[in-house]
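Enquirer: Numbering (numbering that gives the first Met the number 0), first residue to last: 0 to 220.
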Amino acid sequence: MAGEMRPLPVPTPETKHFWDGTRAGELRLQRCDDCRHTYFPPRPFCSKCASRKVSIVRSSGRARRFSYVIHHRPAPGFTPPYAISVVELEEGPRMMSNIVGCPQTPEALVLDMPLEVTFERQTDAITLPSSSPPAAGEAYMRPGTVAVVGAAETTDLGVIPNLSQIQLHADAALNALKDAGLKPSDIDGVATAGEAPTTVASTSASRRPGSTAPRSVAVRS
Ligand SMILES: [Zn+2]
0 MAGEMRPLPV
10 PTPETKHFWD
20 GTRAGELRLQ
30 RCDDCRHTYF
40 PPRPFCSKCA
50 SRKVSIVRSS
60 GRARRFSYVI
70 HHRPAPGFTP
80 PYAISVVELE
90 EGPRMMSNIV
100 GCPQTPEALV
110 LDMPLEVTFE
120 RQTDAITLPS
130 SSPPAAGEAY
140 MRPGTVAVVG
150 AAETTDLGVI
160 PNLSQIQLHA
170 DAALNALKDA
180 GLKPSDIDGV
190 ATAGEAPTTV
200 ASTSASRRPG
210 STAPRSVAVR
220 S
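#1: In the DSSP assignment, find the beta strand (DSSP E) that holds residue 78 and state where it starts and stops.
#2: For residue 161, count neighbouring C-beta atoms within 10 Å of its own C-beta (all shown protein chains included) and say buried if the count is 16 or more, exposed if not.
#3: Does DSSP put residue 30 in a helix, in a strand, or in coil?
#4: Suppose the cutoff is 8 Å on Cβ atoms and the five residues either side in sequence are ignored; what does the same chain contact list for residue 99 look like?
#5: Under a three-way DSSP split, which group does residue 165 fall into?
#6: Determine the extent of the alpha helix (DSSP H) in which residue 16 is found, giving its start and end residues.
#7: May I ask you to report which of helix, strand or coil DSSP gives residue 49?
#8: Could you tell me the alpha carbon to alpha carbon distance between residue 196 and residue 63, rounded to whole angstroms?
#9: Using the Cβ count rule (16 or more neighbours within 10 Å means buried), how would you classify residue 15?
#10: Who pairs with residue 112 in a beta bridge, going by DSSP?
#11: Which same chain residues, not among the five before or five after residue 24, have their C-beta less than 7 Å away from its C-beta?
#12: Would you say residue 28 and residue 37 are within 8 Å of each other, going by their C-beta atoms?
#13: Smallest Cα separation from residue 70: which of 94, 89, 105?
#14: Considering only C-alpha positions, which residue in the set 47, 34, 111 is nearest to residue 65?
As structure tokens, then:
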């Protein structure tokens, strides 16, 4: 229950470097000296080739949400609902994590959203790692994968009764491409601000009168 202390881990010889790291504000992983595999959770041999020649390395702390559930039952130290997530670290390993700093709702907890590790001191001995969305203006992109290259609104602004939402999204996307000097064949997809095309397609059959003009950005990987 909220107010009660959440259960805390007890460091072992195998996990001591990890808990020493969180106490120092570092997320520490292990990497095989033979095959270079980086792994988690801690163990004294490589999880890929079983070599015992392993080194401790510091994670960048950057991750993406891989999967999650929202837990609605009370538990010591937690106020439901709260998310239990699996995050994928930039270095490759996945780990269980709570997500802090955002509402614990499906709308806010988007799969693949960028996260960064944060640390919450529990006792003198134990500091727990959690994940949170990057602060505004600090969102990052995985190098070489995605770039925002153009932004635009629909050609006509305001209420446009003779065009469906999908048509408006397409118009805004084409304008965003033009803004970036690109063709539709240059990109993998678009992101839109406003009502999502999938929502429109499933609820209104693209015939909603008085559609509001959306904005759009073109993205290229
Ligand atoms: Zn190995």
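We put the CB at the ideal spot given by N, CA and C, even for glycine.
Expert: Put simply:
#1: On the sequence shown, position 79 is the one that residue 78 refers to. No residue range can be given for residue 78, since it is assigned to no beta strand (DSSP E) and is classified by DSSP as neither H nor E.
#2: The residue labelled residue 161 in the question sits at position 162 within the sequence shown. Residue 161 should be labelled exposed.
#3: Mapped onto the sequence shown, residue 30 falls at position 31. In this structure, DSSP gives residue 30 an extended state, which the three-state scheme calls strand.
#4: Here residue 99 is taken as the residue at index 100 of the sequence shown, counted from 1. So the qualifying residues of the chain are 117, 119, 129, 130, 131.
#5: Taking the sequence shown and counting its residues from 1, the one referred to as residue 165 is at position 166. Here residue 165 sits in helix by DSSP.
#6: As a position in the sequence shown, residue 16 is number 17, starting the count at 1. Taken as a continuous stretch (DSSP letters only), the alpha helix (DSSP H) holding residue 16 covers 15–22.
#7: As a first step, residue 49 is located in the sequence shown; it is residue number 50 there, counting from the start. Three-state DSSP puts residue 49 in coil, outside helix and strand.
#8: Numbered from its first residue, the sequence shown carries residue 196 at position 197. Numbered from its first residue, the sequence shown carries residue 63 at position 64. Any answer about residue 196 is weak, because its pLDDT of 45 lies below 50 and its placement is not dependable; what the coordinates show is given next. In this model, residue 196 and residue 63 are separated by some 24 Å (Cα to Cα).
#9: Along the sequence shown, one-based indexing puts residue 15 at 16. Residue 15 is exposed by the Cβ-count criterion.
#10: As a first step, residue 112 is located in the sequence shown; it is residue number 113 there, counting from the start. Paired residues: none, contrary to the question.
#11: Taking the first residue of the sequence shown as 1, we reach residue 24 at position 25. Answer for residue 24: 118, listed in chain order.
#12: For the purposes of this step, residue 28 is taken as residue 29 along the sequence shown, with counting starting at 1. For the purposes of this step, residue 37 is taken as residue 38 along the sequence shown, with counting starting at 1. Yes, Cβ-Cβ distance for residue 28 and residue 37 is below 8 Å.
#13: By one-based count along the sequence shown, residue 70 stands at place 71. For the residues 94, 89, 105, the minimum Cα distance to residue 70 belongs to 105.
#14: Taking the first residue of the sequence shown as position 1, residue 65 is located at position 66. Selection 47, 34, 111 evaluated against residue 65 yields 111 as nearest (Cα-Cα).
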